[in-house]
Amino acid sequence: MSGVVRTLSRCLLPAEATRERSNSKDRSRDRDVNQEREARRRSREIDAMLARERRSIGRLVKILLLGAGESGKSTFLKQMRIIHGKEFDQKALVDFRDTIFENIIKGMRVLVDARDKLGIPWQNTENEKHGIFNVLALRALWQDTGIQEAYGRRSEFQLGESVKYFLDNLDRIGQLSYLPSRQDILLARKATKGIVEHDFIIKKIPFKMVDVGGQRSQRQKWFQCFDGITSILFMVSSSEYDQVLMEDRRTNRLVESMNIFETIVNNKLFSNVSIILFLNKMDLLVQKVKQVNIHKHFSDFQGDPHRLEDVQAYLVQCFSCKRRDPSKPLFHHFTTAIDTENIRFVFHAVKDTILQENLKDIMLQ
Numbered sequence: 001m002s003g004v005v006r007t008l009s010r011c012l013l014p015a016e017a018t019r020e021r022s023n024s025k026d027r028s029r030d031r032d033v034n035q036e037r038e039a040r041r042r043s044r045e046i047d048a049m050l051a052r053e054r055r056s057i058g059r060l061v062k063i064l065l066l067g068a069g070e071s072g073k074s075t076f077l078k079q080m081r082i083i084h085g086k087e088f089d090q091k092a093l094v095d096f097r098d099t100i101f102e103n104i105i106k107g108m109r110v111l112v113d114a115r116d117k118l119g120i121p122w123q124n125t126e127n128e129k130h131g132i133f134n135v136l137a138l139r140a141l142w143q144d145t146g147i148q149e150a151y152g153r154r155s156e157f158q159l160g161e162s163v164k165y166f167l168d169n170l171d172r173i174g175q176l177s178y179l180p181s182r183q184d185i186l187l188a189r190k191a192t193k194g195i196v197e198h199d200f201i202i203k204k205i206p207f208k209m210v211d212v213g214g215q216r217s218q219r220q221k222w223f224q225c226f227d228g229i230t231s232i233l234f235m236v237s238s239s240e241y242d243q244v245l246m247e248d249r250r251t252n253r254l255v256e257s258m259n260i261f262e263t264i265v266n267n268k269l270f271s272n273v274s275i276i277l278f279l280n281k282m283d284l285l286v287q288k289v290k291q292v293n294i295h296k297h298f299s300d301f302q303g304d305p306h307r308l309e310d311v312q313a314y315l316v317q318c319f320s321c322k323r324r325d326p327s328k329p330l331f332h333h334f335t336t337a338i339d340t341e342n343i344r345f346v347f348h349a350v351k352d353t354i355l356q357e358n359l360k361d362i363m364l365q
């Protein structure tokens, strides 16, 4: 019997071994199938992620703010933060407060120097000593008729446009507990150096607004921002037709803006980009037209130099004729960047223009 058992065992062992090898192959095949299934799942996830990213990039509205220095780009960006973003935190308020103090002191120094160069006498000779230590005597200096007369001739030298506002509010700004109001923040002037971006959402559509310094020394940085542009908002200070550049006292500011605009509007990179012209500082233009004859600075002007509508029409034509392709649309708006309601209204129209011209496949929800 034992011999039979051993014989049977020898006969059965190869069969069991065969089954074991077969089971091992099955497990290996199952493992390969599972790995392949997992790889396909991961591939689908990656494809879906890339598709979502492409859709997100496709939906992003990237707006580039361009224009010469002091045209109002940074003020416009502050308005976008106020209208569509968040309030300024304590640190931002303190930073703006320091900027305002600098604006006041620098502005008064400019006026004191200008009074001397223009040969305007002091009303009160005691104020002459304050011209050296003007931080301690800003109020007395501002009230001096010599300084006021120099201010009246401010187009003959470089003076920040918000200086009068801050000097008129010295009593409030001089308080130890002072923190800037929204209007103070909008009027605070600090030259943009480098690239400043602000992101916000409008009706579930992401907007990215990019501000680049407008002074000549900063313009080489513009090219870093051209990729993926949806639209360009070109800012012009419409009231500066009688003023010259800070960096070049021989070049008229409005002429400089026209030259920059001509370069941008005719650049092949922007053939499919909507360009919107903001003729800014309308509040200052209204006052300037009453006092300064534009024909003295632009001899081809025709019309009534003291009629606002005639001056506005001329300004629009000056920029419109810079296009080599007159069929390319040019949208324009007269704006006052320090007026929140004006910018709210204008940007609502601008937003619709941008989306209609460049994002026709996006439906606002």
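Counting from 1, position 235 in the sequence shown corresponds to residue 235 in UniProt numbering; the numbering is continuous, with no gaps.
Beta carbons are placed, not taken as given, at the ideal position from N, Cα and C, and that holds for glycine.
Bear in mind that the values here come from a model prediction, so they are computed numbers and not experimental data.
Rounded to whole angstroms, what's the CA-CA distance from residue i to residue j? Just pull it up for me.
i           : j      : result
Val212      : Glu309 : 31 Å
Asn293      : Gln243 : 12 Å
Val350      : Ile276 : 8 Å
Phe301      : Asp95  : 43 Å
Phe298      : His332 : 21 Å
Thr145      : Asp171 : 19 Å
Tyr241      : Asn252 : 7 Å
Glu38       : Arg44  : 10 Å
Leu12       : Arg31  : The predicted position of Leu12 is uncertain, since its pLDDT is 44 and thus under 50; no value can be drawn from it.
Arg54       : Asp227 : No answer about Arg54 holds up, because its pLDDT of 46 lies below 50 and its placement is not dependable.
Thr125      : Tyr151 : 18 Å
residue 368 : Tyr165 : Here the chain comprises residues numbered 1 to 365, so residue 368 is not present and cannot be evaluated.
Leu355      : Tyr314 : 29 Å
Phe88       : Lys208 : 18 Å
Ile202      : Leu254 : 33 Å
Asn34       : Arg42  : 12 Å
Asn267      : Arg40  : 45 Å
Asp325      : Thr263 : 13 Å
His348      : Glu36  : 52 Å
Lys91       : Asp116 : 38 Å
Glu149      : Gln291 : 15 Å
Val316      : Leu187 : 26 Å
Ser86       : Gln175 : The sequence as given places Lys at residue 86; Ser does not occur at that position. Distance between the alpha carbons of Lys86 and Gln175 is about 26 Å.
Among the options, whose alpha-carbon lies nearest the alpha-carbon of residue i?
i           : options                           : result
His84       : Asp171, Ile343, Lys288 and Lys164 : Ile343
Arg250      : Gln158, Ser327, Asn127 and Ile82  : Gln158
Ser71       : His348, Val346 and Ala337         : Ala337
residue 441 : Ile201, Ile120, Arg37 and Ala114  : Any answer about residue 441 is impossible in this case: the structure gives the chain only from 1 up to 365.
Thr340      : Leu279, Glu36, Ile82 and Ala68    : Ile82
Ala68       : Arg153, Asp248, Asp89 and Asp199  : Asp248
Ile120      : Asn267, Leu93 and Arg154          : Arg154
Ile260      : Leu66, Glu36 and Asp325           : Leu66
With C-beta atoms as the reference, is residue i less than 8 Å away from residue j?
i      : j      : result
Ile335 : Met282 : Before going further, note that residue 335 is Thr rather than Ile in the sequence given. Going by C-beta atoms, Thr335 is nearer than 8 Å to Met282.
Met108 : Leu64  : no
Lys78  : Ile185 : yes
Ile173 : Ile232 : no
Met235 : Phe76  : yes
Ile147 : Leu111 : yes
Ile229 : Lys62  : yes
Thr192 : Ser74  : yes
Leu179 : Arg97  : yes
Ser238 : Leu269 : no
Apart from the five residues just before and just after residue i, which ones in its own chain have a Cβ nearer than 7 Å to its Cβ?
i           : result
Leu330      : Ile275, Leu277, Ser320 and Arg323
Arg189      : Asn103, Gly160 and Ser162
Val265      : Ile275, Lys322 and Arg323
Asp304      : Asp310
Ser177      : none
Val289      : His306, Leu308 and Val311
residue 366 : The chain is shown only over 1 to 365; residue 366 falls outside these bounds and no answer can be derived.
Arg182      : Ile82
Met80       : His198, Phe200 and Met209
Leu93       : Leu179 and Pro180
Glu256      : Ala68 and Leu245
For residue i, collect the residues of the same chain with a Cβ closer than 8 Å to its Cβ; drop the 5 residues on either side in sequence, then sort them by chain order.
i           : result
Ser327      : none
residue 390 : Given that the chain is displayed from residue 1 to residue 365, the structure contains no residue 390 and the question cannot be resolved.
Trp122      : Arg115, Glu128, Asp144 and Gly146
Val273      : Ile229, Thr230, Ser231, Ile232 and Asn358
By Cβ distance below 6 Å, which residues in the same chain neighbour residue i in space, the five residues on each side in sequence not counted?
i           : result
His295      : Phe301 and Pro305
residue 366 : As displayed, the chain neither begins before 1 nor continues past 365, which places residue 366 out of reach and without an answer.
Arg139      : Leu170
Looking at the ligand NAD, does it come within less than 7 Å of residue i, judged from the CB to the closest heavy atom?
i      : result
Phe301 : No copy of the ligand NAD appears in this structure; indeed no ligand is present at all.
Determine, for residue i, whether the minimum Cβ-Cβ distance to residues of chain B falls below 8 Å.
i      : result
Asn124 : Given the protein chain composition of this structure (a single chain), no chain B is represented.
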